[in-house]
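Encoded as structure tokens, the structure appears first; notes follow it.
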Amino acid sequence: MTGAPRWASLLLCLLQSTSGRPRLAPPQNVTLLSWDFSVYLTWLPGPGNPQNMTYFVAYQSSATPKQWRRVKKCAGTKELQCSLMCLEKQDLCNKFKGRVRAVSPRARSPWVESKSMDYFFEVEPAPPILVFTRTDEILSVNATYQLPHCMPQPDLSYEVYFWKEGTGNEVRNPFHAPRLGPLPHSPTKPQCSSPSKESLLQEAFPAYPS
């Protein structure tokens, strides 16, 4: 009978080791990054994980802090980034954050969360597209930018610099140019401010600055 407790302990140990699902190392450096008016959740693989990793992503809005929503387009992705723009039931007027976990055929990692982002205070704008039209005495510049289809019109303005080519002084006459006119917009777009899918700046300069 003295061997019974020993066998019972061994059996219990085996049951505990097989009952739980094996864990992978969690993704590293989970971060929300913004460029060109968009937001991406980025991460690095967990150390020591096998090569056949896939990842699952979810996001959470500050308006519903107890609810995580799956990002369907990134379910099972092998990439190390996921776009968090124009998601189902997403409201860019509220802060949000993302999380990611690694999954293999036999194991998965814990979720790892990013810090929250306040979109309209932290978004990185895209550079405008410039079109120049020159007459004998006037140089006209049209500047446009294209927004994601779900994004309300941000409060943007342009700073315009121009100078005469060949002069040693690069910036001749910097000035602020806030003349921004909204173009037609979609009525289904969420609105935190004046909505516009695309905005246009028009400004004219002397063709030959002194």
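Under mature numbering (1 follows the signal peptide of the UniProt record, and there is no 0), the letters of the sequence shown match residues -20 to -1, 1 to 190, in that order. Note that beta-carbon positions come from the ideal geometry of N, C-alpha and C, so glycine has one too.
Taking the alpha carbon of residue i as the point to measure from, which residue in the options has its own alpha carbon closest?
i, options, result
"residue 19", "66, 126, 56 and 57", "66"
"residue 139", "130, 121 and 81", "121"
"residue 108", "92, 10 and 16", "16"
"residue 135", "105, 29 and 117", "105"
"residue 91", "29, 28, 35 and 141", "35"
"residue 53", "63, 114 and 87", "63"
Cβ of residue i within 8 Å of Cβ of residue j?
i, j, result
"residue 75", "residue 49", "no"
"residue 12", "residue 78", "yes"
With 16 other CB atoms within 10 Å as the buried threshold, where does residue i fall?
i, result
"residue 125", "buried"
"residue 40", "buried"
"residue 127", "buried"
"residue 111", "exposed"
"residue 164", "Low local confidence applies: a pLDDT of 36 at residue 164 is under 50, so the model's placement there is unreliable, with the coordinate-based value given in what follows. Residue 164 should be labelled exposed."
"residue 94", "buried"
"residue 43", "exposed"
For residue i, decide whether its Cβ has a neighbour in chain D, counting only Cβ atoms nearer than 8 Å.
i, result
"residue 18", "Looking for chain D here will not work: only one protein chain is present."
Among residues of its own chain, excluding the 5 on either side of residue i, which ones have a beta-carbon nearer than 8 Å to its beta-carbon?
i, result
"residue 32", "84 and 85"
In chain order, what residues of the same chain lie with their CB nearer than 6 Å to the CB of residue i, ignoring the 5 residues before and after it?
i, result
"residue 61", "20 and 22"
"residue 59", "none"
Among the residues of its own chain, which have a CB less than 7 Å from the CB of residue i, if the five just before and after it don't count?
i, result
"residue 26", "4, 5, 6, 7, 8, 82 and 89"
Among all the DSSP beta bridges, which residues are the ones paired with residue i?
i, result
"residue 58", "Note: residue 58 sits in no beta bridge, so no partner."
"residue 38", "50 and 79"
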